[in-house]
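Some notes on the structure that comes next.
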Ligand SMILES: Cc1cc2nc3c(=O)[nH]c(=O)nc-3n(C[C@H](O)[C@H](O)[C@H](O)COP(=O)(O)OP(=O)(O)OC[C@H]3O[C@@H](n4cnc5c(N)ncnc54)[C@H](O)[C@@H]3O)c2cc1C
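In this note's numbering, the protein residues as written are 398 to 766.
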């Protein structure tokens, strides 16, 4: 049996890819401790299909995001999940941010991100008349928005329709015997031939349970959102990635940090967020929104005038699982096979939602090997 821990977007896609890659494999079991799928990171994000211009050249994040972008659209279409290929404006607020904006094009092109083009401030003004005039902008035509909760439900239906795939939740893994290949769960013990760790914020605990000796730990970084009820911004507007600003290039905690942006979800609500707050190691389920409304109003006012601060309503928060080794942030996805029977995926923060179908192919290859 292939046993997959974690029924987030990564675990579900991995199960589908492994099932398709090894047809006739006796059993593929996915388990999740949560009472519903999407209780953690896959259900608590911006729902953006990214293009792949915000990650270091040569990183797994860049590669799997660029590959995952068109694959995500294919899956969303195939499963009938609501999504919009609305594109994304990346804007420089001041002239000093123009070099960072140039990096979006330069790094994006080097990484193979499709659909990027420099546009004028007048182009943004024509599409987003409620916004201020920006110093410069890039348009990412392949960026889009999906209904992430609908995606998880559709992946669940697709997976459970496969004869040899089984999804168990709530079902928590409590211990692993890496020698006898037995996993203890709240629904009993099961034997595995291959265990795939897609446990998100808890992938470090699962790694330790398998007897892993690397000093890997996951630190949660909280991202909070507010809804801007009377905001008139039509689509999706981002600042330049924080790591492209001078002096921040070497901060690996900022890889994937795009900064606070505005987006409309597929239901039409306008969101402001996410913040990036470094939590303590053990605060993995701290989802309280504590940043005051004024901070969101201030961030939103960089994009467009705010008429009624009272129209900002608290929304939700999600925690990014950032991976550290020997106390240092790695800044990339970490995927590796240890021994014959254990495959680990750690640090799957943004752009994990977009990268999921490409990550699944990558993992299926490792599983075959
Ligand atoms: C604020 C924020 C914004 C983001 N925005 C975007 C975005 O716009 N676009 C994008 O591409 N990506 C985005 N991401 C990243 C994306 O959400 C994640 O990369 C992706 O959801 C990770 O999926 P996952 O399946 O690895 O994790 P999860 O969804 O957390 O799934 C892991 C599962 O493992 C289960 N589990 C853990 N331990 C056990 C155990 N012992 N037994 C059983 N089950 C267990 C958990 O219950 C959980 O359901 C964002 C993330 C955050 C936090």
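All C-beta atoms in this analysis are idealised placements derived from N, C-alpha and C, irrespective of residue type, glycine included.
Cβ-based neighbour list, residue i, same chain, cut-off 8 Å, excluding 5 preceding and 5 following
i	result
residue 470	446, 480, 482, 541
residue 668	443, 622, 623, 624, 625, 659, 660, 661, 662, 712
residue 627	704, 705, 708
residue 454	504, 507, 508
Bridge partner(s) assigned by DSSP for residue i
i	result
residue 586	581
residue 721	614, 726
residue 733	741
residue 563	426
residue 711	623
residue 634	486, 659
residue 446	541
Cβ-based neighbour list, residue i, same chain, cut-off 6 Å, excluding 5 preceding and 5 following
i	result
residue 492	532
residue 820	Past the edges of the chain, shown from 398 to 766, lies residue 820, and the structure says nothing about it.
residue 461	752, 755, 756
residue 432	567
residue 575	607, 608
residue 684	714
residue 344	With the chain represented from 398 up to 766, any question about residue 344 goes unanswered, as that position is not in the structure.
residue 497	637, 641, 642
residue 702	none
residue 760	411
Boundaries (first-last residue) of the beta strand (DSSP E) holding residue i
i	result
residue 438	Unbroken run through residue 438: none, as it is neither H nor E.
residue 572	570-574
residue 592	591-594
Range of the contiguous alpha helix (DSSP H) that encloses residue i
i	result
residue 749	749-765
residue 603	600-606
Cβ shell of residue i (< 7 Å), same chain only, five flanking positions each side left out
i	result
residue 562	412, 416, 425, 556
residue 722	611, 612, 613
residue 680	617
residue 500	641
residue 646	640
residue 398	423, 424, 426, 587, 588, 589, 590
residue 564	404, 427, 553, 556, 557
Review point. Can you list the beta strand (DSSP E) stretches of 3 or more residues lying completely in the region 399-432, in chain order?
Key: 399-402, 425-428
Practice item. Can you check the region 465-550 for any beta strand (DSSP E) of at least 3 residues that lies completely inside it and give the ranges in chain order? Key: 485-489, 513-516, 533-537, 541-543
Review point. Enumerated in chain order, which unbroken segments of the alpha helix (DSSP H) with a length of 4 residues or greater are wholly contained in the region 644-705?
Key: 690-697
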